[in-house]
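Shown next, in structure tokens, is the structure this report addresses.
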Amino acid sequence: MTEHVGEALIPTGFDVPVEPLRRAAHYTGQPGCIAEARSFATGFLGRLRTEWCAVIDERSADALLLVVSELVTNADRHSNGPYILELEGTDAAVAVTVYDSSAALPRLFPRDPERIGRHGLEIVHALAENVTVERVPVGKRVRARVRVGDGEAGQRPVRRRPARP
0 MTEHVGEALI
10 PTGFDVPVEP
20 LRRAAHYTGQ
30 PGCIAEARSF
40 ATGFLGRLRT
50 EWCAVIDERS
60 ADALLLVVSE
70 LVTNADRHSN
80 GPYILELEGT
90 DAAVAVTVYD
100 SSAALPRLFP
110 RDPERIGRHG
120 LEIVHALAEN
130 VTVERVPVGK
140 RVRARVRVGD
150 GEAGQRPVRR
160 RPARP
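Going by numbering that gives the first Met the number 0, the first residue of the sequence shown is number 0, and it counts up by one from there.
Structure, rendered in structure tokens:
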């Protein structure tokens, strides 16, 4: 934060971002889009580290990139048009949102180690704190919130059951 005194700018030492960092990218579905989306997310993490002084370990970064890959791959495979990747984050978490033109909602299949393919949403659910899917006027929106600030990416908070009497 800076204070204005007359014509002078005086730094106060409280330069903490107030709004989450937000960035979006548009993809056409051409070959290489998934790699471009991962690169876009890597750049976003770099900005979080710089602008938010976020401490993001390699495991958290890898989890976020995997979520981006899975959601963008699903949009690429199942929509008939372009899609948008939107990232919004702070030093604690990043929301990964993908908009695509298909109104068909993705299905979360039961775990099956024998099944080949269709594990993308299962992976996203395993890595994200929460996942929401909803129809929007132009198709659907899939949003996953991934923790990045505490080194516990890929691990949901432990929900302890109360002790039985």
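Don't be surprised by glycine CBs; every beta carbon is placed ideally from N, CA and C.
- Between P19 and T89, the C-beta spacing is below 9 Å.
- In the DSSP annotation of this structure, A102 is not part of any beta strand (DSSP E), being labelled neither H nor E.
- Every alpha helix (DSSP H) of 4 residues or more that sits fully in the segment 9-72 is shown, in chain order, as 32-50.
- Burial is judged here by how many other beta carbons sit within 10 angstroms of a residue's own beta carbon; D75 has at least 16 and is buried.
- In terms of CA proximity to Y82, G138 leads the group G138, R146, R144.
- G138 sits in a strand when the DSSP states are folded into three classes.
- For I122, the uninterrupted alpha helix (DSSP H) run begins and ends at 119-126, by DSSP.
- The Cβ-Cβ distance between V93 and V145 falls below 9 Å.
- Listed as beta-bridge partners of E85 by DSSP are A23, T96.
- The Cβ atoms of N79 and S59 do not sit closer than 9 Å to each other.
- Ranked by Cα distance from I122, the first of E85, R114, D56, E69 is E69.
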